[in-house]
Ligand SMILES: [Zn+2]
C-alpha cells in the first residue's frame, strides 16, 4: 500500500514546494529581485491594525494649516499611485513621517515645522509611500518571521509593547514609537528615495527639493533621537549623491507633469 502512494506524496510535496518558491520570487518597482513570502493581505492587515493602535496612543493634531497642507500634498501624490489613502497629522515634535501597508500615512508636526516648503514635504511623503509600494515591510517580514507567526502577529499589533508586537511595529518601520528601532536596509532606503522622487515629480512638485530636504535632515539629525526618517542607512551624503544622479530622469517627469497643468499649491 505505502510504496504505491509514496510517489504521489512526493509529487504533491514537490509541487507545493515549487509553488512557495515561485511565489516568493518577486521584483520591486525599481527592478530589484525580492524575497516575498507573506500574503500581502496579511501585511496590509498589520498596517491597518498598527495605524489604529498609533491613532489611539498618539495625540492627533487638529492644526488646520498643517492638516490642510499635508492632505493636499498627500492627495496629489496618491493620485499618481491610486487607491484610497488615509492621512493623519500627529502631535509629535520629532521630524518623522511614515506610510503603512493598507494605505495609511502619518506625518508628525515636528516634520511640518522642519520643512521649508511643500516640495520638501512631498519628498518626505513620496519616500514613505515608496517603502509601501516596494513592499519593504513584507520583504522584512519574509526574512525575519515564519508564515505561521502571521496570525499571532496580527493580534499582537494591538499590544505594541509585547515582544511580538514590537517585532511587528519594527517590521513596519514604526517601532521607534514603542522602543524598537529597526532601520530599513540601505537598498530599501535608496529604493524608497528613487520611487519617492519620481512620485513627487509626477505630481508636479520640483524634485530638486528632495536634495534640500536631506541637507536639512543632515542638520536636524545632529544630537537627535533616530527615527525612521533619519535612518542612517545610507548616509545623507550618499543619498544626496544618488538623488543628484537620478535628477535628470526626475526632472523629465516634472516637466511632463507641469505641461499637463499639474502645479499643486498646498502651502
Ligand atoms: Zn525610509
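In the numbering used here, the protein residues as written are 665 to 931. C-beta: ideal position from N, C-alpha, C; glycine also.
Which partner residues of residue i appear in the DSSP bridge assignment?
i, result
"residue 833", "Paired residues: none, contrary to the question."
"residue 724", "754"
"residue 769", "751, 763"
"residue 691", "697"
In whole angstroms, what separates the C-alpha of residue i from that of residue j?
i, j, result
"residue 801", "residue 834", "9 Å"
"residue 877", "residue 818", "34 Å"
"residue 701", "residue 823", "24 Å"
"residue 821", "residue 803", "18 Å"
"residue 729", "residue 757", "16 Å"
"residue 685", "residue 691", "Bear in mind that the predicted position of residue 685 carries a pLDDT of just 49, short of 50, making it unreliable; the figure below should be weighed with that in mind. Each residue's Cα considered, the two are about 14 Å apart."
"residue 969", "residue 816", "Not covered by the structure: residue 969. The range shown for the chain is 665 to 931."
"residue 950", "residue 727", "Here the chain covers residues 665 to 931 and nothing more, so residue 950 does not appear."
"residue 706", "residue 734", "28 Å"
"residue 753", "residue 724", "6 Å"
"residue 901", "residue 737", "26 Å"
"residue 840", "residue 884", "17 Å"
"residue 694", "residue 811", "26 Å"
"residue 791", "residue 755", "21 Å"
"residue 862", "residue 922", "14 Å"
"residue 858", "residue 928", "21 Å"
"residue 699", "residue 688", "5 Å"
"residue 879", "residue 789", "17 Å"
"residue 895", "residue 873", "19 Å"
"residue 838", "residue 925", "36 Å"
"residue 842", "residue 920", "42 Å"
"residue 860", "residue 867", "11 Å"
My output table needs one value for residue i: the three-state DSSP class, helix, strand or coil.
i, result
"residue 698", "strand"
"residue 764", "strand"
"residue 892", "helix"
"residue 736", "helix"
"residue 712", "helix"
"residue 838", "coil"
"residue 931", "coil"
"residue 911", "helix"
"residue 776", "helix"
"residue 857", "helix"
"residue 821", "coil"
"residue 899", "coil"
"residue 918", "helix"
"residue 810", "coil"
"residue 781", "coil"
Cβ of residue i versus every heavy atom of ligand 1: is any distance shorter than 7 Å?
i, result
"residue 795", "yes"
"residue 895", "yes"
"residue 791", "yes"
"residue 892", "yes"
"residue 853", "yes"
"residue 848", "yes"
"residue 856", "yes"
Examine chain E for any beta-carbon lying closer than 8 Å to the beta-carbon of residue i, and answer yes or no.
i, result
"residue 760", "In the structure shown, chain E cannot be found, because there is only a single protein chain."
contact_flag[the segment 819 to 829, the segment 762 to 775] where n(CB pairs < 8 Å) is 3 or more:
No, the segment 819 to 829 is not in contact with the segment 762 to 775.
For the pair the segment 771 to 780 and the segment 840 to 850, tell me if three or more CB-CB distances fall below 8 Å.
These segments do not touch.
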